[in-house]
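Asks: My questions will all concern the structure given below.
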Amino acid sequence: MRRRPALTALALALAFAGCAGGAQPPEPANPPPTPAPEEAMDVPRLVTLPEPGSPFIAFNVWVRAGSQNDPEGKEGLAALTARVVADGSTRDRSYQEILEALYPMAAGYGYAVDKEMTTFTGRIHEDNLEAYYELFRAALLEPAFDPEDFERIKAQTLNQLERSRRYSRDEELSKELLFWMAYRGTPYEHPEEGYVQSVKSITLEDVEAFYRDHYLRDAVVVGVGGGYPDGFAERVRTDLDALPAGTVRAVPAPEPERPDGIEVLLVEKQTDATAISMGFPIDLLRGDDDFIAMLAANSWFGEHRNSFSHLYQVIRETRGMNYGDYSYIEAFPAGFATQQPRTNVARRSQLFEIWIRPIALTEPGNLHDRSLFATRAALRELDLLVEQGLDAARVEETVGFLRNYTVNWGNTISRRLAYRMDDAFYGIDQPGYLASLRPALDGLDAGTVSAAVRRHLQADGLYLVMVTQDAEGMKRKLLSGEPTAITYAGPQPDEVLAEDRQIASYPIPVTEEDITIIGIEEVFENR
Amino acid sequence: MRALITTGLIAGLVAVAAGWGAPFEEEDPIFPFDYEKVVLENGFTAYLIDGGAPGQIAYVSMVRTGSRDEVEAGRSGFAHFFEHMMFRGTEKYPNYDDVTASMGAARNAFTSNDMTVYYLVLSNEYLEKVMDLESDRFRNLAYDEAEFRTEAGAILGEYQQGKLSPFRYLDEAVRATAFDRHTYRHTTIGFEEDIRAMPEGYEYSLSFYDRFYRPENVVLVLAGDFDTERAKALVEEYYGGWEPGYSPPEIEPEPAQTAARDSVVEYPARTLPILSINYRAPAWSATDTMAVALEVLGRAAFGSNSDLYRELVIEERAVQFLSAGFGLARDPALVDLTTMVSDPANVEAVEARILEEVERFRTESVDPATLEATKSNMKYGFLMSLENAQGIAFSLIPFVINTGGLEAVEAYYQTLDGVTAEHLGEAARRYLVPDHRTTVTMIQAED
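Line by line, the protein sequences are chains A and B. Sequential numbering of the first sequence, starting at 497, is according to our numbering. Sequential numbering of the second sequence, starting at 300, is according to our numbering.
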């Protein structure tokens, strides 16, 4: 597979080209279509995945804008706009009428907004294709921007931001904060849903303007898959060409900085368990020469929600410390909700990320020791991986696992189509990423994998987030450098106890200036 | 649109009428795949289903034991804990994870009130291997006390990662308020004090395995691309020697509720008020028209297509969401209407409005168009779930868990076809009764 050259240089050039000073002449009515900057990078306008004989048809419409396109002070606008489109009225039907029409078909359409991509997806049984497509088409082309829909959606969004996001799942919050830390000062900084205050400031006019500026015929990629009739995919593409012409303002690819040392964010919260995320920027994207080698290395180190993960074996399986421990080389939001990799979260910049699911206290007063022990264990394992790489046996074991395991990543037409859309983002030629995995994995050896590990991973400079109680106490313990041992409910083998002594005193070198504490109520309140 | 709902898949259903071990081929069944049923002398049952993508199989072992079976005090959460222990290996396969990794299997398990389900999705080249592996752990699981104590820590971790979910708080409060005797009184993950005491339960865990993990209590659903005759032979080979001996627990039935119950629970973090209105429900049944009618009623009267939803969620925005949970359980449990109220000052008004609507359906019929739309929704929902081998197997879980077999799927949809608006009204009068109601309001605790 081949990835197109980095977008950064071209995108930057285009961005600066649009920044000439002085007033701009008014745009002529009905200007001829001008190619969007990305078109120069050869993104297809139509992606098809025919599966004749399937009774299902899947849709995936990718709008080439995401949270990176949110105006300053209006963070969350891309997400709110997508939701108004997907969960609102159209010019001919109220939202209720849409629900009533979808109901007998047991169907709906969803949306997702990530840093770079907004996708509208749906799947329907062939019996109901025409009726369903009429609703789906109208949602994208004829949103009503009804004020009542907007108020409903905005209120639901604010409830989620003010309450659920901060209180109902710390393990997801720690991930979001990690990305915030790592991407400060870049278009990726803010969470896709925005900040509480920024979302409060968003008006319906803002939403309409965002739609007008970004839902453009040449900024939309149409995907259709499954058992659709001849000509149907082309018809969908033609229908969406009714969107206006125009170009989306190019956003430079983020260039996050790797910290010099370990930079820590502690979030103070009343809790009996500490959620932990850590990571650092990597210069690695799907389609790069090192990607498959790193996919294998990362799978061995921390395959998502799978006991194959080495981190899982060290922290959970051997020591029973938590529900699981994993690592990532591509963004994986809401990992708690799925075992399969996320699709349509393609990005021009990624982190290497370690996710330690909440570490609970087992008796009063031992939460910090246990949390730091787990953190030290993860850092130590990362260090060992960088130092030692993977030997031939481990590479063989990992390839053996992945070459079959990855088959399941495309187990539905919606997922197979979504991977094709991501192929378009990354400029990966056919047969595409999924189909290319097995032969690429079969070509790996220990030397290749270990070399890739040394190029991309390190354990000296990273961001560390903990959502925990008594953050000041955690800070003191971090600064003290004192060992943080753990105890067990039953006997452990001598070799485990010996390793525990090494883990407990593994250094986390931090200074006072490296540690920031915020309260839970401050999280994502403002930019 | 109704004209587009074509024939073969959801036309009139024909009852299943074939002998065990013979292929089933019916006219216009709702379940569109051919399958064979194998029943061994020890009571073990396997369904072998031809469907899904080439080269893949879904191997799903359904144990008809869940938290409902945790009858001893201090043992809540054990069915779920035991689910974890099932991954700890046997003498033949000391490292279960290594074997599944070598096959590249996607595998997991889950536990709920009435079931524990173990599944693997993998290449069909491993059919015999997975049958050997799975039968072995169901028959010969082996773990020592140290492993048991270690895994108890992971259970605590799992509990903690969801501890602050407002819906878990609510669920705990609803169960504690609504149930006095039946084991539905506790959640599947269990009470925190029982979870923290789990490390001491090694001997109990062995008895749990001995009593519940027996061939009569487990059904295998194997779906995908495989040779059926070979699979039949493998089932006999690997499961035939499994000793029967299932010992069903004595689950105390819940006494009849004779008066409405109310409680308020405080959530120790930020939340808008959540109101949960529950009614006593019958046990799941494929053939009891009233039971199926109640499931239909929940969707038709209170679902996203309903007048109440339009009014409270869309027009007035009085609530953030409204959900109707009218799926039935193996034993008589609850059906619920749950909503998050947008303004804490409006909780009583929202409750009153919901009860007004409940009363309406006790006296007024659901209109025919809504009933037909609901039936269509339920049928297409079932069909849409049949996309791959795992989906095919999972679609059958309620039927297998509640009846021990998948034949009930045809009976269920046949009963559904016969449900009328009058049946819905009768179900409302029978079950949505004020004296059978339990209402729990969850509010944000004051600072």
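Yeah, the Cβ is synthetic: ideal placement off N, Cα and C, and Gly gets one too.
1) If you draw a straight line from the C-alpha of Ala-317 (chain B) to the C-alpha of Pro-498 (chain B), how long is it?
2) Per DSSP, what kind of secondary structure is Trp-541 (chain B) in: helix, strand or coil?
3) Using a beta-carbon distance below 8 Å, is Glu-688 (chain A) in contact with chain B?
4) Between Gly-861 (chain A) and chain B, is the shortest Cβ-Cβ distance under 8 Å, so that the two count as touching?
5) For a quick check, are the C-beta atoms of Arg-541 (chain A) and Val-760 (chain A) less than 8 Å apart?
6) Hey, Ala-948 (chain A) and Asp-779 (chain A): beta-carbon distance below 8 Å or not?
7) Whole alpha helix (DSSP H) runs in the stretch 842-885 of chain A with 4 or more residues, listed along the chain?
8) Please list, in chain order, all residues of the same chain as Phe-897 (chain A) whose beta carbon is under 6 Å from its beta carbon, the five residues on each side excluded.
9) Locate the beta strand (DSSP E) running through Trp-1053 (chain A), then write down its first and last residues.
10) Going straight from the alpha carbon of Asp-716 (chain B) to that of Pro-548 (chain B), what length do you get?
11) Once you ignore the five residues that flank Asn-423 (chain B) on each side, which residues in its own chain have a CB closer than 7 Å to its CB?
12) Buried or exposed for Pro-854 (chain A), going by 16 or more other Cβ atoms inside 10 Å?
13) Between the stretch 648-674 of chain B and chain A, which residues of the former have CB atoms less than 7 Å from a CB of the latter, in chain order?
14) Output, in chain order, the set of chain A residues within a Cβ distance shorter than 9 Å of Gly-456 (chain B).
15) If you pair each beta-carbon of the stretch 479-499 of chain B with each one of the stretch 968-977 of chain A, do three or more pairs fall below 8 Å?
16) Tell me the DSSP bridge mates of Thr-410 (chain B)?
17) Between Thr-894 (chain A) and Trp-796 (chain A), what straight-line distance do the alpha-carbon atoms span, to the nearest angstrom?
18) To which residues of the same chain is Tyr-724 (chain A) closer than 6 Å at the C-beta, ignoring the five residues directly before and after it?
19) Closer than 8 Å, Cβ to any Cβ of chain A: which residues of the stretch 464-490 of chain B, in chain order?
20) Label Arg-812 (chain A) either buried or exposed according to how many other C-beta atoms from any shown protein chain fall within 10 Å of its C-beta, with 16 as the threshold for buried.
21) Could you give the distance in angstroms between the alpha-carbon of Gly-831 (chain A) and the alpha-carbon of Gly-820 (chain A)?
22) If distances are taken between C-alpha atoms only, which option among B:Tyr-537, B:Arg-736, B:Asn-412, B:Thr-410 comes closest to Ala-558 (chain B)?
23) Scan the stretch 687-732 of chain B and note each continuous alpha helix (DSSP H) run of 4 residues or more that stays entirely inside, going in chain order.
24) Report the neighbours of Arg-934 (chain A) on chain B: residues whose CB is nearer than 7 Å to its CB, in chain order.
25) Quick check on DSSP: helix, strand or coil for Met-962 (chain A)?
26) Would you call Arg-748 (chain B) buried or exposed, if buried means 16 or more other Cβ atoms sit within 10 Å of its Cβ?
27) Tell me whether the beta-carbon of Ala-688 (chain B) lies closer than 8 Å to the beta-carbon of Val-420 (chain B).
28) Looking at the secondary structure, which residues open and close the alpha helix (DSSP H) in which Arg-708 (chain A) lies?
29) Near Pro-524 (chain A), which residues of its chain fall below 7 Å by C-beta distance, leaving aside the five closest residues on each side in sequence?
30) In whole angstroms, what separates the C-alpha of Ala-942 (chain A) from that of Leu-868 (chain A)?
31) Assuming His-379 (chain B) is part of the alpha helix (DSSP H), what are its boundary residues?
32) Along chain A, in chain order, which residues have C-beta atoms closer than 8 Å to that of Val-420 (chain B)?
33) Can you check whether the C-beta of Ala-321 (chain B) is within less than 8 Å of a C-beta belonging to chain A?
34) With a threshold of 7 Å on Cβ separation, who are the neighbours of Tyr-922 (chain A) within its own chain once the five nearest residues in sequence on each side are excluded?
35) By how many angstroms is the C-alpha of Ala-668 (chain B) removed from the C-alpha of Glu-593 (chain A)?
36) Measure the CB-CB distance between Pro-683 (chain A) and Glu-672 (chain A) and report whether it falls below 8 Å.
Replies: Taking the geometry as given:
1) Bear in mind that a pLDDT of 24 at Ala-317 (chain B), under 50, signals an unreliable position, so the model cannot answer this.
2) coil
3) When Cβ-Cβ separations below 8 Å define contact, Glu-688 (chain A) makes no contact with chain B.
4) no
5) no
6) no
7) 863-884
8) Cβ contact annotation for Phe-897 (chain A) (same chain, cutoff 6 Å, sequence separation greater than five): Phe-804, in chain order.
9) Since the displayed chain A opens at 497 and closes at 1023, residue 1053 (chain A) lies outside it and no answer follows.
10) 35 Å
11) Gly-354, Gln-355, Ile-356, Gly-523, Asp-524, Phe-525
12) buried
13) Ala-672
14) Ala-769, Arg-812, Gly-816, Met-817, Asn-818, Tyr-819, Gly-820, Arg-853, Pro-854, Ile-855, Ala-856
15) Taking a cut-off of 8 Å for Cβ pairs, the stretch 479-499 of chain B and the stretch 968-977 of chain A do not touch, as fewer than three such pairs fall below it.
16) B:Thr-415
17) So the alpha carbons of these two residues sit roughly 6 Å apart.
18) Ile-553
19) Ser-464, Pro-465
20) Buried, since its Cβ has 16 or more Cβ neighbours within 10 Å.
21) So the alpha carbons of these two residues sit roughly 11 Å apart.
22) B:Arg-736
23) For the stretch 687-732 of chain B, whole alpha helix (DSSP H) runs of length 4 or above, ordered along the chain, are 688-694, 696-702, 707-717, 720-730.
24) Near Arg-934 (chain A) there are no residues of chain B at all, since even the closest Cβ is about 10 Å away, more than 7 Å.
25) strand
26) Summary: the structure shown does not reach residue 748 (chain B), with chain B confined to residues 300 through 746, and so no result is reported for it.
27) yes
28) 700-710
29) Its pLDDT being 37, under 50, Pro-524 (chain A) is placed unreliably in this model, and the value from its coordinates should be taken loosely. Excluding positions up to five away in sequence, the list is empty.
30) Rounded to the nearest angstrom, the two C-alpha atoms are 32 Å apart.
31) 377-384
32) Here the neighbours are Asn-904, Asn-907.
33) Since pLDDT at Ala-321 (chain B) reaches only 29, below the 50 mark, its modelled position is unreliable, and the value read off the structure follows with that caveat. It does not; no Cβ of chain A falls within 8 Å.
34) Arg-499, Leu-781, Arg-782, Gly-783, Ala-842
35) 14 Å
36) no
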